[in-house]
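Residue numbers (our numbering), protein chains in the order written: chain A, 2 to 588; chain B, 18 to 381. All residues carry an ideal CB built from backbone N, CA and C; glycine is no exception. Below is one structure; the comments refer to it alone.
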Amino acid sequence: MTPPLWSQRAARLTIVVLALLLLIEGRLWVMQAVQGPAYLRLSEQNRLRDYVVPAPRGVLYDRKGRPLVTSRAAFTISVLPMEVREPARLAERLAPLVGLEPQEITARIAAGRQRPFEPVPLRRDADKAAVITIEEQRLDLPGVVVQAEPVRHYPLGTHAAHLVGYLGEITEEELRTRPGYRPGDLIGKTGIERTYDAVLRGHAGRLRVEVDAAGRPVRVLGREAARPGQSLVLAIDADLQAVAEQALGTQAGAVVAMDPRTGDVLALASHPAYAPALFAGGISAANWRRLIADRALPLLNRATEGTYEPGSVFKVVTGLAALAEGLATRDTVFHCTGALRLGRWVFRDLAAYGTVNFIRGTAVSCNVMFWTLGQAVGEARLYRYATMLGLGQPTGIDLPAEAAGLVPNAAWKQRVWKEPWYPGDTLNMSIGQGWVLVTPLQVARMMAAVATDGVLVRPRLVRRIVAPDGRVLAEPAPRIDGRLALPAAAVRTLREGLRAVVDGGTGAAAAVPGLAIAGKTGSAENPRGLPHAWFAGYAPADRPALVVVVFVEHGRRGGAAAAPIARAVFAAAAPTLLAATGEVSRP
Amino acid sequence: MRAAWTRDVDWPLVAATVLLAAYGVVVLVSATHGAPGAAALVRGRALHLAVGTVALLVAARLDYRRLAAAAPLLYAGALLALGAVLVVGDSRLGAQRWIALGPVGSVQPSELAKLVVIVTLARHLDAARTLPRLRALVPYAVHVAVPALLIVRQPDLGTALVLLAILAAMLYVAGARPVDLAAAAAGGAALLPLLWGALHDYQRRRLLAFLDPYADPLGAGYAIIQAKIAVGSGQLFGKGLFAGTQNVLRFIPEQHTDFIFTVVGEELGFVGATVLLGLYGVWIWRALAIAAGARDRLGGLMATGIGAMMGFHVVVNIGMTVGLLPVTGIPLPLLSYGGTSLLATLAATGLLLGIRARAWGARG
């Protein structure tokens, strides 16, 4: 008996359904047995996040081991672009918490899409309230991560701001030119932070975390600790730095204090300054605009990046050249009548000092005497001595963006002004006017060369590189860039003259009882306003251990504006100077 | 009599049902462990199993012919319940599919409507002896279309499609000419563009996501991609119960309901999935074998409808999980969480046992 139709058909239907099940079974075989390993990798990628653990930057210490710049723990709010589902909505919510415009946030997320698992920092050093709010709203903020990340701490406030410099997020340009950095990294932008960035930054660690579908960390699967950056022991003496800054006060200008024997820069002050802490967590757009729009140029390091007319400070070059070339001696007589005639022109001095020898003429800064000497030396030799003493070129200090200054000569004038060099130009140059431009640091180096009888030392800020555990990794020897072959008598005479400047001359205001100081004042006429005031000197005069250069923008008279600041620095250093050199006080 | 009843039991079907239900409990525990409210879900499953077992026993004892006699009443009741859903239903996940019944919890009438359609359509088809022409199929199509449209309105496209599959299978077994069925299917396909316009936005996104999940990997394509990753990464032997990272870390949405198969695939691997498919295969084979061996055409049609229903659910649910079919929200019977679905499946099992017992009883 044949089964009824419905029975046959039910049996056929069984085959159809079982065939479909077999088809699925085949698909499972392909997915699980054949492609299984690939899917396993995908599932690992899903759940594993490798976070970068930023390394604390090295500490900056002064020469006595006192911290100038340290790092402190802070929180950074970042987003993982891969996990952001609705950037626009997320940006709206995050904007008030991170202090950015929503458009800025969406732009950063979009920019980070190329590396979807790398956190894109939105706010460094976020305040606690923002961090707590984010943790509370975790579920509504997929892709947002909060990481502990050290930021710079400045225990001394604006102290030494220009020399330590500040940090900022790495730019596209810097990423291209500096290998080993990642987008979002903080990098030294100026000062020591920039020059020594590679030493200070350390090596970032990694943290492998298992996360759930909402991107919430579930557990840590592995970690590679961050290696902190190396620390630097600077040549700076924090006490002397403070004295220099305080003495400069509210005047725009710079103070350089340097050991002429080693090039150690003990103080490097520049005013006005800024608070580097403003940059610690990423500077706000408003603060940045305010800083760069400030006409007082607070970001300019006047000691190394500012170039100014040296005025009478340049007479050191003129005097040395004349003495060394045998065109004058200690006792050559000059008639300081108050004016010098050159062809149809009359060059007028500030005063008539009568008949003087080289020493007296230097002490009173007699222009007639230096014009006369300059005329004798001539443009070419003035240029040679100035450049020999390091003017017109960067000193090579370990700071970025150092200015070169300018020492003119006939060739330069022809090239730039298309004019021949006139005898009047030589007169101008011999008293530091005309086109001569120097940085206060260059002047310090020049004075150091005089103080050491011709050793051209390279100024430096870092004395030692120290590992996080305190081991000394490097202790570079002082760099000598040259030894000038100067007749001993010439240097002796010049130094006697400089000694007379402070001992009853124009630099009397720099005098510190018990400490023999030599120096030179300057009042540099300039086209931008009142003359700049200069003082450049060293002490103890016989065995110099400290050069001090003071520059006061529009300070008018070196003796009145700059010398007292130098006195403050010399006075602060006097005990050390006297103890170290065994100098006995002489009235 | 008692001895005869136990002799007439279809033991392979019972074994497959029990093992599938047990499998379901284990996988549910894994899918929900660590999640808030997991204990309540497991307790709920135990309660559903208890109620479902009662329903199974009642359905097995019930004479399916007397049940068919009540067809007009059942059909009216089902339409009333489906209509009520649209008026007083609970909204969950953007769809109105549940009716809250106080302490009993909530009921999903569309799940029960599938059974009602099977019983009433069997009776309807049983009355007609032949299906000579395409035109003759129209009344049966209408019979199914009315509840199906009410279900589409919820919206629950998946369950409505199950009804179409049941209709096709039962018409075929009832004797419809395959050429007519093919023509009807072609006609339906021609209507697809119209259907596209009637679809909800999310349904269109799902279909597009099926074609290219990576076009919107974090939106509509997300579930498909993550489900495939879960199943594929299980490889041959799985990552072990409770050890599926995709599951435990909640990368799969709806992992304890429509996407429960991902847990099986990830944690128990190809071997576990094959065992599961095998159990379903046994279940469906027994259902259609009971259809073939039924004493009368009515029982044969009912068993066919039940077997087709199970087959469609299993193929479509797992098919979407492994990326063979678009995502359609229908449960995997006996495994997915859902009280009404479990109750309906167990009641259907009871009906099958009853049909089988009466066929054997008649012969004996």
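Throw me the rounded Cβ distance for the residue i and residue j pair, which I believe falls under 8 Å.
i, j, result
"residue 198 of chain B", "residue 189 of chain B", "6 Å"
"residue 99 of chain A", "residue 123 of chain A", "4 Å"
"residue 342 of chain B", "residue 333 of chain B", "6 Å"
"residue 431 of chain A", "residue 372 of chain A", "6 Å"
"residue 44 of chain B", "residue 288 of chain B", "Going by Cβ atoms, the distance from residue 44 of chain B to residue 288 of chain B rounds to 14 Å, so no, they are not a contact pair."
"residue 175 of chain B", "residue 279 of chain B", "At roughly 17 Å, the Cβ-Cβ gap does not stay under 8 Å, so residue 175 of chain B and residue 279 of chain B are not in contact."
Looking at C-alpha atoms only, which residue of the options is the closest neighbour of residue i?
i, options, result
"residue 172 of chain A", "A/161, A/160, A/84 and A/186", "A/186"
"residue 151 of chain B", "B/103, B/201 and B/165", "B/201"
"residue 239 of chain A", "A/202, A/66 and A/401", "A/66"
"residue 262 of chain B", "B/29, B/24 and B/49", "B/49"
"residue 1 of chain A", "A/530, A/511 and A/523", "Nothing can be reported for residue 1 of chain A: it is not among the residues displayed for chain A, which extend from 2 to 588."
"residue 519 of chain A", "A/251, A/30, A/364 and A/375", "A/364"
"residue 501 of chain A", "A/462, A/360 and A/559", "A/360"
"residue 370 of chain B", "B/54, B/303 and B/66", "B/303"
"residue 317 of chain A", "A/300, A/375 and A/50", "A/375"
"residue 194 of chain A", "A/254, A/399 and A/414", "A/399"
"residue 142 of chain A", "A/94, A/570, A/394 and A/160", "A/94"
"residue 150 of chain A", "A/96, A/206, A/243 and A/9", "A/206"
"residue 321 of chain A", "A/493, A/545, A/288 and A/568", "A/493"
"residue 461 of chain A", "A/45, A/551 and A/164", "A/164"
What does residue i reach in chain A if we use C-beta pairs closer than 7 Å?
i, result
"residue 272 of chain B", "Within 7 Å Cβ-Cβ: nothing; residue 272 of chain B doesn't reach chain A, min ~10 Å."
"residue 42 of chain B", "Within chain A, no residue comes near residue 42 of chain B; the closest Cβ sits about 22 Å away, beyond 7 Å."
"residue 268 of chain B", "47 and 214"
"residue 281 of chain B", "Those do not exist, as residue 281 of chain B stays about 10 Å from chain A at its closest Cβ, beyond 7 Å."
"residue 115 of chain B", "Those within 7 Å of residue 115 of chain B in chain A number zero; the least Cβ separation is about 25 Å."
"residue 312 of chain B", "Going along chain A, no residue has its Cβ under 7 Å from residue 312 of chain B, so there is no contact; the nearest lies around 11 Å."
"residue 131 of chain B", "In chain order: nothing, as chain A lies at least about 17 Å away."
Taking 7 Å as the CB-CB limit, is residue i close to chain A?
i, result
"residue 308 of chain B", "yes"
"residue 190 of chain B", "yes"
"residue 134 of chain B", "no"
"residue 292 of chain B", "no"
"residue 371 of chain B", "no"
"residue 375 of chain B", "no"
"residue 341 of chain B", "yes"
"residue 323 of chain B", "no"
"residue 335 of chain B", "yes"
"residue 175 of chain B", "no"
"residue 34 of chain B", "no"
When the cut-off is 7 Å and only beta carbons count, does residue i lie next to chain B?
i, result
"residue 289 of chain A", "no"
"residue 110 of chain A", "no"
"residue 16 of chain A", "no"
"residue 25 of chain A", "yes"
"residue 37 of chain A", "yes"
Which chain B residues are close to residue i, counting only those with a beta carbon under 8 Å from its beta carbon?
i, result
"residue 34 of chain A", "252, 253 and 287"
"residue 145 of chain A", "Under the 8 Å cutoff, chain B gives no residues; its nearest Cβ is about 15 Å from residue 145 of chain A."
"residue 165 of chain A", "Neighbours of residue 165 of chain A on chain B: none; closest Cβ ~44 Å, over 8 Å."
"residue 591 of chain A", "Because chain A is modelled from 2 through 588, residue 591 of chain A falls outside the range shown and cannot be assessed."
"residue 1 of chain A", "No answer is possible for residue 1 of chain A: it lies beyond the span of chain A, which begins at 2 and ends at 588."
Tell me the residue span of the alpha helix (DSSP H) that contains residue i.
i, result
"residue 554 of chain A", "It is not in any alpha helix (DSSP H) - residue 554 of chain A carries neither H nor E in the DSSP assignment."
"residue 92 of chain B", "88–105"
"residue 218 of chain A", "Run containing residue 218 of chain A: none in the alpha helix (DSSP H); it sits in the beta strand (DSSP E), 218–225."
"residue 84 of chain A", "Where residue 84 of chain A is concerned, there is no enclosing alpha helix (DSSP H), given that its DSSP letter is neither H nor E."
"residue 156 of chain B", "155–169"
"residue 288 of chain B", "277–310"
Check the Cβ of residue i against every Cβ in chain A and list those closer than 8 Å, keeping chain order.
i, result
"residue 318 of chain B", "7"
"residue 178 of chain B", "Correct list: empty, because the minimum Cβ distance to chain A is about 15 Å."
"residue 297 of chain B", "22"
"residue 248 of chain B", "29, 32, 33 and 40"
"residue 332 of chain B", "18, 21, 22 and 25"
So residue i is in the beta strand (DSSP E); what residue range does that whole segment cover?
i, result
"residue 72 of chain A", "68–80"
"residue 93 of chain A", "It is not in any beta strand (DSSP E) - residue 93 of chain A instead sits in the alpha helix (DSSP H) that spans 88–99."
"residue 366 of chain A", "It is not in any beta strand (DSSP E) - residue 366 of chain A carries neither H nor E in the DSSP assignment."
Residues of chain A with CB closer than 9 Å to the CB of residue i, please, in chain order.
i, result
"residue 302 of chain B", "15, 18 and 19"
"residue 263 of chain B", "44, 47, 48 and 214"
So residue i contacts chain B; which residues on that side make the cut at Cβ distance below 9 Å?
i, result
"residue 12 of chain A", "305, 306, 308 and 309"
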